[in-house]
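Asker: Dumping the structure here so I can ask a few things about it.
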Amino acid sequence: MSNEVWREFWSGGEGAEQAIGGAHRGRLTDFWREFFCENLKAAPDGALIADIASGAGAALAVAADAAGELAARRFRLAAFDISGDAVRSSIQRAPGSIGAVADGALLPLADRSLAIAVSQFGVEYAGRPAFAEIARCLAPAGVFSALSHYSGGAIDAECACNEALLDRIAAMGIFNAADAALKETYRRRRLGRGDLADPAAERKLKRVQQQAAAAVAAAPPSAAKQMFARLLGDLGGLAARRLAYADGDALGWLAGMEASTSAYRGRMRSMRAAALDARGLAVIGEIFRNAGFA
Ligand SMILES: C[S@@+](CC[C@H](N)C(=O)[O-])C[C@H]1O[C@@H](n2cnc3c(N)ncnc32)[C@H](O)[C@@H]1O
471 MSNEVWREFW
481 SGGEGAEQAI
491 GGAHRGRLTD
501 FWREFFCENL
511 KAAPDGALIA
521 DIASGAGAAL
531 AVAADAAGEL
541 AARRFRLAAF
551 DISGDAVRSS
561 IQRAPGSIGA
571 VADGALLPLA
581 DRSLAIAVSQ
591 FGVEYAGRPA
601 FAEIARCLAP
611 AGVFSALSHY
621 SGGAIDAECA
631 CNEALLDRIA
641 AMGIFNAADA
651 ALKETYRRRR
661 LGRGDLADPA
671 AERKLKRVQQ
681 QAAAAVAAAP
691 PSAAKQMFAR
701 LLGDLGGLAA
711 RRLAYADGDA
721 LGWLAGMEAS
731 TSAYRGRMRS
741 MRAAALDARG
751 LAVIGEIFRN
761 AGFA
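Using the working numbering, you'd call the opening residue of the sequence shown number 471 and step up by one each time.
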């Protein structure tokens with residue numbers, strides 16, 4: 471389920487990665503810049519550096535910049551992700567890199583072949599076996615660094631906030647109510663009827679719109695709050711001017727909005743499910759210690 475959610479996310483094209491890291495993107499880039507400046511100097515010539523669950527290559531792009539500054543040295547950069555679109559974006563963003571569609575728990579790499587493995591909000595989606603996989607692929611003097619979702623941390627809290635509002639509004643059935651009201655109007659229009667609105671469907675739609683607007687107003691600030699505020703405004707406009715639209719256009723827009731909010735909900739769930747906690751970190755530490763790393 472999580473894999474599908476992410477493949478669909480990256481198939482959305484450019485700009486998808488803007489959603490990751492949000493306001494913290496500058497700080498994330500600074501973190502990787504410092505990391506690569508320090509660790510590339512110590513890495514051997516020809517060293518293989520991999521971004522696991524790379525997404526659009528946010529960390530790999532920083533590695534490429536840092537490697538470019540060490541002009542006399544040569545490094546091989548690689549991106550791995552379960553989404554082909556994400557891998558393609560990574561390769562575009564990190565000139566000279568290679569990539570492959572791969573589950574983080576099954577990397578197409580030889581034992582001890584990696585000098586540096588990194589992951590930004592990624593490897594944890596592939597579960598604990600992915601950490602053992604990185605330990606298998608890491609050279610004895612290799613370095614692994616990850617920025618991960620942490621249960622109860624800032625991103626987890628943000629996702630929880632988004633998820634709560636998405637769940638609440640999904641439970642109200644707003645898309646069903648809008649779909650029923652619009653379909654009935656368009657059916658009556660096709661029949662040439664004078665009474666174009668079904669009173670019961672209109673009452674239901676109005677009630678759900680009001681409930682959803684109240685839920686959005688009461689919700690703490692979040693990306694989902696902004697998204698629904700916009701969506702409810704657009705939906706209100708569509709319902710009011712429905713006769714100006716062709717059936718397929720209006721119903722298609724509605725179906726698209728439902729699909730994208732449902733995908734958003736899936737991503738929030740997937741992020742929260744992937745978040746590590748203190749026990750998870752202890753287990754991961756154990757995996758690397760057992761593989762001989764400090
Ligand atoms: C929150 S995004 C982070 C992407 C990127 N590292 C970044 O920071 O922009 C999580 C990424 O993990 C990838 N992913 C999810 N499950 C995976 C798995 N089992 N193996 C490899 N990649 C996975 C998704 O496709 C997505 O690109």
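Where is the CB? At the ideal position from N, CA and C, for every residue including glycine.
Alpha carbon to alpha carbon, how far is I561 from L724? Give it in angstroms, no decimals.
Answerer: Cα to Cα, L724 sits roughly 35 Å from I561.
Asker: Are the CB atoms of D573 and A596 nearer to each other than 8 Å?
Answerer: Result yes, Cβ atoms of D573 and A596 sit closer than 8 Å.
Asker: With 16 other CB atoms within 10 Å as the buried threshold, where does V593 fall?
Answerer: Classification for V593: buried.
Asker: Between D515 and ligand 1, is there a pair consisting of the residue's CB and a ligand heavy atom that are separated by less than 7 Å?
Answerer: Checking every heavy atom of ligand 1 against the Cβ of D515, none is found closer than 7 Å.
Asker: State the Cα-Cα distance for the pair S730 and A585, rounded to the nearest angstrom.
Answerer: Their backbone Cα atoms lie some 39 Å apart in a straight line.
Asker: Looking only at its chain, what residues have a beta carbon closer than 7 Å to the beta carbon of L518, apart from the 5 residues adjacent to it on each side?
Answerer: For L518, where only same-chain residues beyond five positions count, the Cβ hits under 7 Å are R546, A548, S583, L584, A585.
Asker: For A765 and A513, which I take to be in contact (beta-carbon distance under 8 Å), what is that distance rounded to the nearest angstrom?
Answerer: The chain is shown from 471 up to 764; residue 765 falls before or after that span and cannot be answered.
Asker: Between the Cα of A570 and those of A520, S732, V532, F601, spot the shortest distance and give me the residue it belongs to.
Answerer: Comparing Cα positions, the closest option is A520.
Asker: Within 8 Å, do at least three Cβ pairs link the region 634-642 to the region 603-614?
Answerer: The answer is no - the region 634-642 does not touch the region 603-614, with fewer than three Cβ pairs under 8 Å.
Asker: What is the C-beta distance between N473 and I552, in whole angstroms, given that I count them as a contact (C-beta under 8 Å)?
Answerer: Contact holds; Cβ gap of about 5 Å.
Asker: Return the CA-CA distance between L705 and A648, expressed in angstroms with no decimal places.
Answerer: Rounded to whole angstroms, L705 to A648 spans 8 Å at the Cα level.
Asker: Where do the N-terminal and C-terminal ends of the alpha helix (DSSP H) with G610 fall, by residue?
Answerer: One point to set straight first is that residue 610 is Pro, not Gly, in the sequence displayed. Careful: P610 lies outside any alpha helix (DSSP H), inside the beta strand (DSSP E) at 608-617.
Asker: For a test of your reading of the model: does the CB of A556 fall under 7 Å from any non-hydrogen atom of ligand 1? Yes or no.
Answerer: Result yes, Cβ under 7 Å from ligand 1.
Asker: Could you tell me the alpha carbon to alpha carbon distance between C629 and L661, rounded to whole angstroms?
Answerer: So the alpha carbons of these two residues sit roughly 46 Å apart.
Asker: Given a cut-off of 8 Å, decide if A745 and D626 are closer than it, judged by their beta-carbon atoms.
Answerer: Yes, the Cβ-Cβ distance between D626 and A745 is below 8 Å.
Asker: Mapping DSSP to helix, strand and coil, what is F545?
Answerer: Strand at F545.
Asker: What do you reckon, are the CB atoms on N632 and A694 nearer than 8 Å?
Answerer: Contact: yes.
Asker: Going residue by residue through the region 683-718, where are the continuous alpha helix (DSSP H) segments of at least 4 residues, counting only ones entirely within it?
Answerer: Listed in chain order, they are 693-710.
Asker: Quick one, are the C-beta atoms of S740 and V475 less than 8 Å apart?
Answerer: Yes, Cβ-Cβ distance for S740 and V475 is below 8 Å.
Asker: Considering I519, what are the terminal residues of the beta strand (DSSP E) in which it resides?
Answerer: It spans 517-522 - the beta strand (DSSP E) in which I519 sits, taken as one unbroken run.
Asker: Do I604 and A624 count as a contact pair if the criterion is CB distance below 8 Å?
Answerer: No, Cβ-Cβ distance for A624 and I604 is not below 8 Å.
Asker: Anyone know if the C-beta pair for F505 and S618 falls short of 8 Å?
Answerer: No; because the gap between Cβ atoms is not below 8 Å, this pair is not in contact.
Asker: By alpha-carbon positions, which one of Q590, A580, G525 ends up nearest to R558?
Answerer: Among Q590, A580, G525, the Cα nearest to that of R558 is on G525.
Asker: Just verifying my parser: in three-state terms, what is the DSSP assignment at S414?
Answerer: There is simply no residue 414 to check, as the chain begins at 471 and stops at 764 in what is shown.
Asker: For D555, which of F601, W480, A764 has the nearest alpha-carbon?
Answerer: Among F601, W480, A764, the Cα nearest to that of D555 is on W480.
Asker: Confirm, please, whether the CB-CB distance from Q679 to L702 is below 8 Å.
Answerer: Taking 8 Å as the Cβ cut-off, L702 and Q679 qualify as a contacting pair.
Asker: Going by beta carbon distance, what residues of the same chain come within less than 6 Å of A575, once the five residues before and after it are set aside?
Answerer: Result list for A575: A596, P599, A600, E603, in chain order.
Asker: With C-beta atoms as the reference, is R495 less than 8 Å away from A536?
Answerer: It is not a contact, given that the beta carbons lie outside the stated cut-off.
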